[in-house]
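Participant:
2 protein chains.
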Amino acid sequence: MPTKTRDPGVPAAYNPSEFPAFAVTVDIVILTMLKSRLHVLLVRRGVAPFEGKWAIPGGFKRPNETLDEAAKRELSEETGVDSASLLKQFGAYGDPGRDPRMNVVTVAYLAVLRDVGAVVAGTDAAAAALLPVSEALTGKLDLAFDHARIVRDAVERVRVDLEQTGIATAFVGPTFTVAELRAVYEAVWGVHLDGANFRRRVVTESGWVIPTGRRARPGAAGGKPAELFRAGRMWKQGGPIRHPQSPERGKGNQ
Amino acid sequence: MPTKTRDPGVPAAYNPSEFPAFAVTVDIVILTMLKSRLHVLLVRRGVAPFEGKWAIPGGFKRPNETLDEAAKRELSEETGVDSASLLKQFGAYGDPGRDPRMNVVTVAYLAVLRDVGAVVAGTDAAAAALLPVSEALTGKLDLAFDHARIVRDAVERVRVDLEQTGIATAFVGPTFTVAELRAVYEAVWGVHLDGANFRRRVVTESGWVIPTGRRARPGAAGGKPAELFRAGRMWKQGGPIRHPQSPERGKGNQ
DNA sequence: CAAGTTCTGGTCGACAGGACCATAACTTCC
DNA sequence: GGAAGTTATGGTCCTGTCGACCAGAACTTG
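Those protein sequence lines, which keep their order, are chains E and A.
Be aware that the first sequence starts at 24, since it is given in the numbering used here, and climbs by one per residue.
Be aware that the second sequence starts at 24, since it is given in the numbering used here, and climbs by one per residue.
1) In the region 153-214 of chain E, which residue ranges form an unbroken beta strand (DSSP E) of at least 3 residues, counting only runs that do not cross its ends?
2) How far does the alpha helix (DSSP H) with residue 244(E) in it reach, from first residue to last?
3) Would you list the residues sitting across from residue 65(E) in a DSSP beta bridge?
4) Give the DSSP bridge partners of residue 54(A), in chain order.
5) Cutting at 7 Å between CB atoms, please list the residues of its own chain near residue 97(A), excluding the five before and the five after it.
6) Beta carbons nearer than 8 Å to chain A: which residues of the region 227-243 of chain E have them?
7) Between the region 113-136 of chain A and chain E, which residues of the former have a C-beta closer than 8 Å to a C-beta of the latter?
8) For residue 151(A), which of 219(A), 114(A), 75(A) has the nearest alpha-carbon?
9) Short check: CB of residue 63(E) to CB of residue 154(E), under 8 Å?
10) Specify whether the region 180-187 of chain A and the region 222-237 of chain A touch according to this definition: at least 3 beta carbon pairs, one from each stretch, less than 8 Å apart.
11) Compute the Euclidean distance between the alpha carbons of residue 208(E) and residue 174(E), then round it to the nearest angstrom.
12) For a cutoff of 8 Å on Cβ pairs, would you count residue 45(A) as touching chain E?
13) Since residue 234(A) sits in a beta bridge, which residues does DSSP pair it with?
14) How about residue 230(A) and residue 137(A): are their beta carbons less than 8 Å apart?
15) What number of angstroms, rounded off, separates the C-alpha of residue 263(E) from the C-alpha of residue 100(A)?
16) At which residues does the beta strand (DSSP E) containing residue 111(E) begin and terminate?
17) Label residue 233(A) either buried or exposed according to how many other C-beta atoms from any shown protein chain fall within 10 Å of its C-beta, with 16 as the threshold for buried.
18) Could you name the residues of chain A that residue 87(E) contacts, counting a contact when the two beta carbons are closer than 8 Å?
19) Between the alpha carbons of residue 91(E) and residue 178(E), how many angstroms are there, rounded?
20) Against chain E, does residue 90(A) count as a neighbour if the rule is that its beta carbon must be under 8 Å from one of theirs?
21) Count the other CB atoms, across all protein chains shown, that sit within 10 Å of the CB of residue 205(A); report buried if there are 16 or more and exposed otherwise.
22) Apply the 10 Å Cβ neighbour rule to residue 127(E) and answer buried if 16 or more other Cβ atoms are within range, or exposed otherwise.
23) Using 8 Å for Cβ pairs, my map puts residue 193(E) next to residue 109(E). What's the rounded Cβ distance?
24) What's the call for residue 161(A), buried or exposed, on a 16-neighbour Cβ count within 10 Å?
25) How many angstroms separate the CA atom of residue 241(E) from the CA atom of residue 131(E)?
26) Would you verify that the beta carbon of residue 84(A) is, or is not, closer than 8 Å to some beta carbon of chain E?
27) For a test of the three-state rule: what should DSSP assign to residue 225(E), helix, strand or coil?
28) Return yes when the Cβ of residue 249(A) is within less than 8 Å of the Cβ of residue 198(A), no when it is not.
29) On the CB-based measure, 16 or more other CB atoms within 10 Å of its CB, does residue 254(E) come out buried or exposed?
30) Could you round the C-beta distance between residue 113(A) and residue 169(A) to whole angstroms and report it? I think they count as a contact, below 8 Å.
31) For residue 42(A), return the contacting residues in chain E, with the cut-off set at a CB-CB distance below 7 Å.
32) For residue 119(A) versus residue 72(A), is the C-beta spacing smaller than 8 Å?
33) Which residue wins for smallest C-alpha separation from residue 85(E), given the options 65(A), 84(A), 41(A), 111(A)?
34) What is the DSSP secondary structure of residue 218(A), reduced to helix, strand or coil?
35) In whole angstroms, give me the CA-to-CA distance for residue 225(E) and residue 266(A).
36) Assuming residue 202(E) and residue 68(E) form a contact by the criterion Cβ under 8 Å, report the distance between their Cβ atoms to the nearest whole angstrom.
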């Protein structure tokens with residue numbers, strides 16, 4: 024909103040044509056776990072510019088909706104998923120020339136989902152796919168526009184939020200094993216966590232996970248069937264697991 | 024950017040008139056320490072709407088500059104300060120009707136400065152002032168547009184960043200005492216920190232603060248003169264002080 | 001039944017972090 | 001000039017957390 028109250032030249036009522044007009048879009052980085060690796064939902068562009076390249080889904084904001092509503096609508100249109108609680112705004116991008124056709128400012132959202140696989144399979148397989156974020160981050164896929172940077176920022180945000188918020192439970196289903204939850208942390212952070220210590224942390228204190236009494240069927244390799252839990256209320260106030268290297272602040276110099 | 028690749032109706036080259044046009048502005052929440060309290064720089068609006076109300080400074084983004092550049096330019100125009108390193112984007116706001124005149128999407132930036140007092144004194148005193156954030160947060164000041172929400176989000180961001188980044192040193196001058204630095208944490212978090220423990224944390228391990236050999240003059244109340252330090256390189260990798268309540272996660276329930 | 005795999009609980013030591021005390025070095029006031 | 005007050009700075013102790021590691025439980029497949 025204009026707040027240049029001290030500029031004498033500003034009229035009392037703006038004429039929109041006097042100020043640069045922008046298109047405002049909302050883009051969504053949809054992340055999910057697949058085969059113990061972090062994946063991102065990408066669509067293949069069918070029109071110029073960047074025709075044939077991968078891009079993250081998005082669309083124009085409408086004047087009569089909020090940014091959050093626009094993101095929710097786009098997510099629903101794109102995947103059919105209707106869960107607004109996992110949508111989080113994490114950045115705005117407005118470099119000149121980022122869209123060669125016109126001035127576009129985009130507001131980027133992060134969505135963490137489970138079971139996107141079925142959704143993607145239902146759409147045109149050639150137009151949408153789940154791809155490992157590692158490939159997008161290392162530049163193996165060159166994405167359209169500045170979407171590589173947006174995806175990078177989104178993943179960085181997830182890495183931080185995993186420690187500070189309860190975003191971890193958004194990656195798993197309504198019921199899950201401790202090992203599934205641990206796999207989320209290990210995949211996002213790229214570290215190995217001790218299974219026993221991890222379990223102690225989330226199971227010992229009540230509020231994090233609630234036992235359902237049921238057990239999961241072991242995988243193909245066998246093993247003891249794991250307990251099935253559901254998420255407790257404590258995840259609303261941040262996650263229980265800290266990044267391994269984070270407590271060792273101040274080291275590594277001298 | 025438009026990525027609705029599967030929509031058949033999208034032409035290869037957009038006609039800007041076919042899509043809703045928005046004005047894009049950049050607003051800056053400028054925070055500083057004054058009398059051991061957190062203050063925000065506000066300007067008094069001279070024109071409708073919200074004439075006479077307080078607002079945070081900002082202005083229109085130009086088509087040929089990035090959002091970061093626009094924020095830097097506005098900060099310079101508003102305060103004369105030319106330090107881009109302390110500018111951080113923290114949110115975008117685009118609710119319909121947030122500006123009664125036209126569709127405006129604003130991208131909000133946070134700037135942490137010291138010595139804004141001299142800058143404010145130099146401008147028209149009636150048009151700009153440093154006010155305690157507590158008054159803006161509690162609703163004592165009713166701000167223009169949705170600026171109350173924006174200020175609230177900015178302060179929340181600072182509270183988090185104080186723990187995770189080296190933003191604390193941006194509040195103090197090039198040389199500072201340990202007590203000055205501690206006052207920043209205490210003011211932003213609203214807690215009391217033990218002076219001895221605080222000092223041990225930042226002084227013991229090298230890299231956080233570097234002694235200058237000089238001493239500050241005691242305040243009006245007297246006391247032992249404090250050592251003067253300057254910021255070390257470790258602040259680039261996060262702050263050394265943790266929020267007191269943050270390690271006690273998972274308590275308070277059962 | 002044997003071997004392999006995963007889950008789950010236990011122990012132990014290192015260490016960060018907070019509470020608290022004591023002393024040093026300056027001020028102002030009488 | 002001394003007393004009282006204030007702030008800075010260093011020391012000690014104690015508690016809780018967290019990771020490494022071990023051992024047993026419970027299932028798989030062959």
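Beta carbons are placed, not taken as given, at the ideal position from N, Cα and C, and that holds for glycine.
Facilitator: Per the coordinate set shown:
1) none
2) Premise fails: residue 244(E) is in no alpha helix (DSSP H) and is neither H nor E.
3) 152(E)
4) 63(A), 135(A)
5) Spatial neighbours of residue 97(A) in its own chain (CB-CB distance under 7 Å, excluding positions within 5 residues in sequence) are listed in chain order as 49, 51, 80, 81, 82.
6) 228, 229, 230, 231
7) 114, 115, 116, 117, 118, 119, 121, 122, 124, 125, 126, 127, 128, 129, 130
8) In terms of CA proximity to residue 151(A), 75(A) leads the group 219(A), 114(A), 75(A).
9) yes
10) no
11) 18 Å
12) yes
13) Under DSSP, residue 234(A) forms a beta bridge with 252(A).
14) No.
15) 44 Å
16) 110-116
17) Exposed, by the Cβ-count rule.
18) 119
19) 20 Å
20) So, interface residue.
21) The residue is buried, with at least 16 neighbouring Cβ atoms inside 10 Å.
22) buried
23) 5 Å
24) exposed
25) Rounded to whole angstroms, residue 241(E) to residue 131(E) spans 39 Å at the Cα level.
26) Closer than 8 Å: yes.
27) helix
28) No, the Cβ-Cβ distance between residue 198(A) and residue 249(A) is not below 8 Å.
29) buried
30) Going by Cβ atoms, the distance from residue 113(A) to residue 169(A) rounds to 14 Å, so no, they are not a contact pair.
31) 46, 83
32) No, they are not a contact pair.
33) 41(A)
34) For residue 218(A), the secondary structure class from DSSP, reduced to helix, strand or coil, is helix.
35) Distance between the alpha carbons of residue 225(E) and residue 266(A): 22 Å.
36) That belief does not hold up - the Cβ atoms of residue 202(E) and residue 68(E) are roughly 38 Å apart, past 8 Å.
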